[in-house]
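Asker: Could you have a look at this structure, given as structure tokens, before my questions?
In my numbering, the protein residues as written are 8 to 208.
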């Protein structure tokens, strides 16, 4: 997929592929106690930021990770968050959404609006290739992410036990079904974060 052509909109929010000139804003976003507490991946310096950007570029090239910088066109294009879709590969029925928002953007409804745009794009783009549901994971105690999931149509699907050392805390899996079930040919009901790797189900 050509990442240069993919942009999504949700009101004043613009979701676009990350660029190298976003690195200063990326570093500023990660210089935040909440990001350090809840996100497994950390970006503490310019070297790690370059590495993080390479991962995003490789994800688009492989067709397995689609990462968007979320900017606010009403705020001179300021970076307000990140959205990513992780998919194991062609034909996978399941994918995983992940997101974060910058500290100044919290409380402005950025995450639900951006997640809605990503969800619509994911089902529109991959439904014919078998995508049936999206999962969203967050750690136990991350109540803000739990609220975002609910507002975005991702109800709680299960409690996930801790798996140290990679996942030292337990978590919640929220899940949302595709709006139409290709297999059944009818509308499906809505079944249900750090955005880690998706796994086949």
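We put the beta carbon where it would ideally sit given N, CA and C, even for glycine.
Please read these numbers as outputs of a predicted model, since none were measured by experiment.
Classify residue 103 as helix, strand or coil using the three-state DSSP reduction.
Answerer: strand
Asker: Under three-state DSSP, which class holds residue 116?
Answerer: In the three-state reduction of the DSSP assignment, residue 116 falls in the coil class, being assigned neither a helical nor a strand state.
Asker: By how many angstroms is the C-alpha of residue 137 removed from the C-alpha of residue 37?
Answerer: 35 Å
Asker: Let's test the definition: count the other Cβ atoms within 10 Å of the Cβ of residue 24 and tell me whether it reaches 16, buried, or not, exposed.
Answerer: buried
Asker: Rounded to whole angstroms, what is the Cα-Cα separation between residue 180 and residue 33?
Answerer: So the two alpha carbons sit approximately 27 Å from each other.
Asker: For residue 151, which residues from the same chain have a beta carbon less than 8 Å from its beta carbon, with the 5 sequence-adjacent residues on both sides left out?
Answerer: 113
Asker: On the premise that residue 119 lies in contact with residue 155, defined as a C-beta separation below 8 Å, what is that separation, rounded to the nearest angstrom?
Answerer: 6 Å
Asker: Return the bridge partner residues of residue 94 from the DSSP annotation.
Answerer: Per DSSP, none; premise fails for residue 94.
Asker: Could you tell me the alpha carbon to alpha carbon distance between residue 173 and residue 45, rounded to whole angstroms?
Answerer: 13 Å
Asker: Identify which residue in 48, 128 and 68 has its Cα closest to the Cα of residue 186.
Answerer: 128
Asker: Under the rule that 16 or more other beta-carbon atoms within 10 Å means buried, what is residue 61, buried or exposed?
Answerer: exposed
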